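Take a look at the structure below.
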Amino acid sequence: MLAIDLATLHRFQKIQKETIKEAKWLIKHRKNKIKVLGISGSARDEFDMAQESSNSEALLKVCLEQCNKLWADIELIPLKKYDIKHCKACYSTANTQCHFYCSCYPKGTETWDDMSNILYDKILEADAIIFATPINNFKISTLMATFIDRCISLDGSLQPANFKHPKDKNLNIKHMKFIELTADNTIPGSGMLRRFLGKVAWIIVTGHEAGAAMTISNLFMTLNNFGMVFPPFSSMYAMSSIAYSTYADKRIVLSDSYQEEAKLLAQNVMTETKLARKIDPTKWLYDYNAN
0 MLAIDLATLH RFQKIQKETI KEAKWLIKHR KNKIKVLGIS GSARDEFDMA QESSNSEALL
60 KVCLEQCNKL WADIELIPLK KYDIKHCKAC YSTANTQCHF YCSCYPKGTE TWDDMSNILY
120 DKILEADAII FATPINNFKI STLMATFIDR CISLDGSLQP ANFKHPKDKN LNIKHMKFIE
180 LTADNTIPGS GMLRRFLGKV AWIIVTGHEA GAAMTISNLF MTLNNFGMVF PPFSSMYAMS
240 SIAYSTYADK RIVLSDSYQE EAKLLAQNVM TETKLARKID PTKWLYDYNA N
């Protein structure tokens with residue numbers, strides 16, 4: 000039916016066994032101290048062209064510091080300081096044309112980038128991730144969009160069927176057909192593996208006057224589809240007003256009321272993460288052979 004030789008079949012089976020093992024690791028690693036990751040999508044920097052620090056990143060720091068006071072390990076990831084190359088859209092050719100780790104920028108090779116070499120591993124270790132972005136033209140920032148696009152490798156992708164030629168389209172389509180034939184929804188990892196599954200998500204958005212709802216909705220739809228958990232009050236937006244010029248934004252957006260809201264957000268992060276860690280993430284169901 001697949002028209003493949005025995006060696007190729009054994010390779011498909013080996014990937015399946017290793018992915019089942021990886022699914023079990025998703026459960027085991029959560030026994031460690033809670034790890035909260037803060038992803039800052041702002042390009043603003045007081046030492047660069049804008050000559051002013053980021054508002055969304057400032058509120059993210061307030062939130063992370065409060066998580067730390069509540070006994071979480073925290074880490075801030077300012078995307079502007081990382082080399083993240085654009086996604087080449089392999090996933091839409093076939094699920095198995097896109098790989099984990101990303102085979103467009105392979106980890107540890109000359110064509111790597113920071114997403115492959117650094118950030119994927121940090122995401123895997125995190126229990127909760129707080130996403131902070133400014134509103135750029137009624138949407139998430141370019142930096143955040145590029146980061147989210149590259150996260151597709153974490154959302155179902157498997158090892159390459161052929162490490163030397165990972166973009167062998169015909170082979171990868173056959174690999175996808177193998178998954179469709181053999182994936183068992185009672186065995187986590189027997190098909191596509193969603194590595195965000197059960198991780199807690201929070202969203203912080205800042206802006207001048209408009210676009211918060213669309214920006215939050217864009218992130219929510221994507222992260223929810225990745226399998227992340229959203230509790231009540233899982234987003235905040237700190238807005239200025241069209242009645243003021245943009246130079247007044249920082250005073251308004253970083254006012255005490257918004258900083259207090261960021262601290263409340265942190266407490267909810269910790270509450271939900273403690274609850275989420277009591278549940279085996281692989282108990283959240285999806286179709287393992289879905290395209």
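Counting from 0, one number per residue, gives the positions in the sequence shown under numbering that gives the first Met the number 0.
Positions of the beta carbon are idealized from the N, C-alpha and C atoms, including for glycine.
Please read these numbers as outputs of a predicted model, since none were measured by experiment.
Residues of its chain near residue i, where Cβ-Cβ distance is below 6 Å and the 5 sequence neighbours each way are ignored
i           : result
residue 246 : none
residue 222 : 200
residue 205 : 54, 55, 133, 237 and 252
residue 184 : 287
For residue i: DSSP bridge partner residues
i           : result
residue 236 : 204
residue 154 : 193
residue 98  : 157
residue 37  : 75 and 129
residue 199 : 127 and 228
Nonlocal neighbours in the same chain, by C-beta distance under 7 Å from residue i, ignoring five residues either side
i           : result
residue 87  : 103
residue 77  : 39 and 56
residue 153 : 99, 119, 122, 194 and 195
residue 115 : 100, 101, 104, 105 and 106
Residue interval of the beta strand (DSSP E) (run including residue i)
i           : result
residue 16  : Taken as a continuous stretch (DSSP letters only), residue 16 belongs to no beta strand (DSSP E), being part of the alpha helix (DSSP H) at 5-27.
residue 132 : 127-133
Assigned secondary structure, residue i (DSSP; H/G/I helix, E/B strand, else coil)
i           : result
residue 1   : coil
residue 272 : helix
residue 245 : helix
residue 74  : strand
residue 193 : strand
residue 215 : helix
residue 258 : helix
residue 48  : coil
residue 165 : coil
residue 253 : coil
residue 80  : helix
residue 115 : helix
Residue burial classification, residue i (beta-carbon count within 10 angstroms, cutoff 16)
i           : result
residue 217 : buried
residue 130 : buried
residue 12  : exposed
residue 34  : buried
residue 289 : exposed
Boundaries (first-last residue) of the alpha helix (DSSP H) holding residue i
i           : result
residue 123 : 119-124
residue 178 : 168-181
residue 61  : 54-68
residue 148 : 141-149
Cβ shell of residue i (< 8 Å), same chain only, five flanking positions each side left out
i           : result
residue 167 : 160 and 161
residue 270 : 230
residue 150 : 122, 195 and 225
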